[in-house]
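Encoded as structure tokens, the structure appears first; notes follow it.
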Amino acid sequence: MSVPPRATVAVAQVTSTPDKEHNWCQCSALVREAAGRGARLVFLPEGFDFIGHGPEQSLSLAEPLDGHTVGRYRQAGQGL
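According to our numbering, the sequence shown is numbered sequentially starting from 75.
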């Protein structure tokens with residue numbers, strides 16, 4: 075009986091703000107740290123990219139899935 079290969083995964087927790095660049099710095103550092111520890115998959119919480127102070131601000135910060143923010147995270151994950 076063969077044993078299937080194992081993969082290391084990571085789960086990150088952050089406190090998001092309306093500042094997308096601040097959130098990027100926090101999350102990308104966590105992704106790099108997890109990858110450095112051998113993670114091949116990193117889970118970030120919902121709302122990892124931003125949390126507005128209210129519904130109007132959240133809607134104004136929203137982007138499509140093919141937008142700049144998701145693209146940056148996809149590139150960061152390429153090394154995993």
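A virtual CB, placed ideally from N, CA and C, is assigned to each residue, including glycine.
Whole angstroms is fine: what's the gap from Q131's alpha carbon to R114's?
-> 34 angstroms
With V105 as the anchor, note down where its alpha helix (DSSP H) starts and where it stops.
-> 94-110
L118, enclosing beta strand (DSSP E) - first and last residue | Counting along the chain, L118 falls outside any beta strand (DSSP E), and DSSP gives it neither H nor E.
Secondary structure of A84, DSSP reduced to three states = strand
Residue nearest to Q100 in terms of C-alpha spacing, selected from G110, R111, V88 = V88
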